[in-house]
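What follows is a single structure, written as structure tokens, with notes after it.
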Amino acid sequence: MIKLRNVNKTYKNGENKTLALNDVSIDIDEGEMIAIMGISGSGKSTLLNILGCMDCFNSGEYLYRDIEVHSLNKKCFHQFRKEHIGFVFQHFALMNQYTVYENIELPLSIQNVPKKERRERVYDALEKMGIKDIAKKLPTKISGGQQQRCAIARALASGNELILADEPTGALDVNTGNEIMSIFKELNQQGKTIVIVTHDYKVAAYAHRILYMNDGKIGENMDEIKN
Amino acid sequence: MLIHDKSISFTLIGMFFLTIVVVLNVIHIDNKQRDAAKQQEKERYTTCITYMYNSVSSDETTQSPVFQQLKVTKGNVIIIFNAVVGNGYSIAPIHFVCAFNEPIVEELNEGRLPTEDEILHGRKCVVIGEGVKRLTENVDSGCILRIDGISYDVIGILKDVAGDGTDNRVFVFQNGLASASLYDLDGSSSYYVEYGSNVEGELQTKQLLAWLYRFIPDSKLEEVVNEEADTIAEKTMMEKLIRYYTKFVFYGLFIFCILGCMIVSCVWMKRRKKEIIIRKALGSDMRAIVVVLLRDICIMLVVALLLSFAIAVFQSFLVGELWFGNEYMISNLAILIVAILLMMLVVLICTIYMACRVSVAEGTREQ
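Shown next as structure tokens:
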């Protein structure tokens, strides 16, 4: 489903250059659940941003099914993101002035889905996440776990096959974190491809495969990427 | 929910409201000044030369109007005769006015002004003020007014702007008077020919003199020093300064308000940064985001417009007159529309600039 080949990403800060991704090559299959682990600054969020087309890279190739993502322009990046990727962020990234329902509806209105269909899909996602009763509440009035469920429901409602989650349990307590991971597992079993960035081994244990990152390099075990 | 982030949105509405109120008030002041300037322009001119013509003196008072003074004011426009209606006991000054190369800006209560043909062929016709109509019995539009033995058709009555019936002007048009000749104006001690103009004074003076020499021997025409000229020039200068000052205050206030809108919109935008990031992350492109922001700005602007118009109506009610007179309606609306568009443009540029600067990757990390 996803093929990354020799991807390099450098951040420039004046004259200082930081190599965030160093010759990264990975393959992610359809329906796979992958966890990317690594210490802070190892490049895992950068990798996730590149997978989600939220950031561009300096060199290398990115293939998503038959789409050559590396040759897409900025405008097509938006389109690609809209059509193929669902995001779940550590701090939920919900709009506080919108209700839970409206937050979940947002990607659908961006996709110009008809109102009737939007309603059906939002309620379907709300039901799957078990938060139908809080649909009319504002995110500020619900718990962290419920907020993350809402964020997952938003990714689910968008109908996109790939879900990228950046530290989805980072802002939650252990029990709620486990609940959220169970939801991800369930979604994966329903056919969604999920990439989770985490530094928590318990979270990573839910994945089929764990990839480790260190100083911009990626590998299936820590030893092969240590200098 | 149409307005998000109420506190900053209401501040922005407030800024829009303030700007529109400033623009509306300044438009109102400007209208008033323009009215006053127009009125003053009718009454006096920046350059003024007076000539005195000594005629045969006579104390005889006849039933016909008797000319005391001949005035030519604003050479390119009119000649004014200061005269009296004498019937033995009633003496009231009447101005006899004659068009000179320029259309008259006057409203009529009834009748009409002469056509170009009528002026050219010297038709003996006059347009009179309400005062003359009142003083001269049986004179009405369509009747005949005799001036110094010559009959003039009354073809129009001037609108009584002051509303007190004291408009004693009689408009006699250039060629109509020419055949009457100044020599016919007996029974007066002297005639003053006063010339005033706002433009090209010298040329107009020459034209006027050439015209006058047709009737008056140049030996009998002498220039009289006009003591009021300096005062008039001083007053005019003062009025100009006041107009410039008003404009300066207006533009200053407007720029201040626009800057205010700009700053508040930047803050507004900063507070919506998270929303922009989320929208971008979910695949919204810049155009769609700008449409959302523009919609919000429009809503705020409409709210501000309604509020400020409500205030304007209230103010109109207080001062007892309409905010926009019909005369300036189009120019006023044009100013208002330009001001609103400018305001929108400034706010939108700030907003789009800020929205463009938001990086999704960095933004999601910060959030």
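Chains A and B are the protein sequences, given in the same order.
One point on numbering: in the working numbering, the residue at position 214 of the first sequence is 237, and numbering is uninterrupted.
One point on numbering: in the working numbering, the residue at position 146 of the second sequence is 1270, and numbering is uninterrupted.
We treat Cβ as the ideally placed atom computed from N, Cα and C, and that holds for glycine.
What you are looking at is a predicted structure, and each value in this text was computed from that prediction instead of being measured.
Expected contact under 8 Å - CB spacing of residue i and residue j to nearest Å
i       : j       : result
A:I186  : A:V111  : 6 Å
A:S68   : A:N29   : Rounded, the Cβ-Cβ distance is 20 Å, inconsistent with contact.
B:M1513 : B:T1475 : Residue 1513 of chain B is absent from the structure shown; chain B starts at 1125 and stops at 1491.
B:G1280 : B:G1235 : 3 Å
A:N6    : A:G239  : Outside the shown range of chain A, which is 24 to 250, sits residue 6 of chain A, and nothing can be said about it.
A:I133  : A:N183  : Wrong, their Cβ atoms sit about 12 Å apart, outside the cutoff.
B:L1148 : B:S1432 : 6 Å
B:V1285 : B:V1250 : So it is not a contact: roughly 18 Å between Cβ atoms.
A:V123  : A:I157  : 5 Å
B:R1258 : B:G1289 : 5 Å
B:D1558 : A:K208  : In the structure displayed, chain B extends from 1125 to 1491; residue 1558 of chain B sits before or after that span and is not available.
B:K1283 : B:L1232 : 6 Å
A:K105  : B:L1406 : 7 Å
A:A116  : B:I1402 : 5 Å
Own chain partners of residue i with C-beta closer than 7 Å, once the 5 adjacent residues on each side are dropped
i       : result
A:E38   : none
B:F1140 : C1385, M1424, L1425, A1428, M1467
A:F80   : V30, N31, K32, L44, I73
B:I1400 : I1413, A1479, V1482
A:M204  : T192, V226, Y229
B:I1435 : V1145
B:I1461 : none
B:C1390 : C1474, M1478
Paired residues, beta bridge with residue i - DSSP
i       : result
B:C1249 : B:D1277
B:N1155 : According to DSSP, which records beta bridges pairwise, B:N1155 is partnered with nothing at all.
A:G61   : A:M236
A:A188  : A:V111, A:I219
B:I1268 : B:D1277
A:E84   : A:R28
A:I241  : A:M236
B:F1141 : BP columns for B:F1141 are empty, so no partner.
B:I1382 : B:I1382 is not bridged to any residue.
A:M56   : A:I217
A:I90   : A:Y87
B:L1282 : B:L1232
Other residues of its chain near residue i: CB distance less than 6 Å, five sequence neighbours each side excluded
i       : result
A:H231  : E55, M56
A:L71   : L187, D189, V220
A:E84   : R28, H93
B:Y1307 : Residue placement at B:Y1307 is poorly supported in this model, since its pLDDT is 42, which falls under 50; the coordinates still yield a value, given next. No residues qualify anywhere along the chain.
B:K1404 : V1484
A:D50   : K26
A:S181  : G109, P130
B:Y1452 : N1155
B:L1417 : T1475
A:Q113  : D189, E190, G193, A194
A:Y87   : I25
Alpha helix (DSSP H) segment containing residue i, residue limits
i       : result
A:K124  : The sequence as given places Tyr at residue 124 of chain A; Lys does not occur at that position. First-last of the alpha helix (DSSP H) with A:Y124: 123 to 133.
B:M1468 : 1453 to 1481
A:D46   : Counting along the chain, A:D46 falls outside any alpha helix (DSSP H), though it belongs to the beta strand (DSSP E) covering 39 to 51.
A:T69   : 67 to 74
A:G167  : 167 to 180
A:S205  : 197 to 212
A:M118  : No alpha helix (DSSP H) contains A:M118, which DSSP labels as neither H nor E.
B:I1400 : 1397 to 1405
B:A1436 : 1410 to 1443
A:V145  : 138 to 152
Own chain, CB closer than 8 Å to residue i, minus 5 neighbours either side, in chain order
i       : result
A:M118  : E125, N126, L129, P162
A:L301  : Residue 301 of chain A lies beyond the range of chain A shown here (24 to 250); nothing can be said about it.
B:L1142 : C1381, G1384
A:S65   : M236, N237, D238, G239
A:G61   : K67, H222, Y235, M236, N237
A:G153  : R172
A:K159  : T122, V123, Y124
A:M245  : Y235, N237
B:S1133 : I1127, W1392, D1420, M1424
B:F1378 : T1143, V1146, V1147, V1150, A1463
B:D1291 : G1253, E1254, G1255, V1256, L1282, D1284, V1285
The beta strand (DSSP E) enclosing residue i, as first and last residue numbers
i       : result
B:E1234 : 1232 to 1235
A:I217  : 216 to 221
A:K32   : 25 to 36
A:Y229  : No beta strand (DSSP E) contains A:Y229, which DSSP labels as neither H nor E.
- Query: Along the segment 58 to 83 of chain A, what residues have a CB closer than 7 Å to any CB found in chain C?
  - Reply: Protein chains in the displayed structure are A and B, and chain C is not among them.
- Report yes or no: do three or more beta-carbon pairs, one from the segment 86 to 97 of chain A and one from the segment 163 to 181 of chain A, lie closer than 8 Å? no
- Query: Using 8 Å as the Cβ pair cut-off and three pairs as the minimum, do the segment 1151 to 1165 of chain B and the segment 1358 to 1375 of chain B touch?
  - Reply: yes
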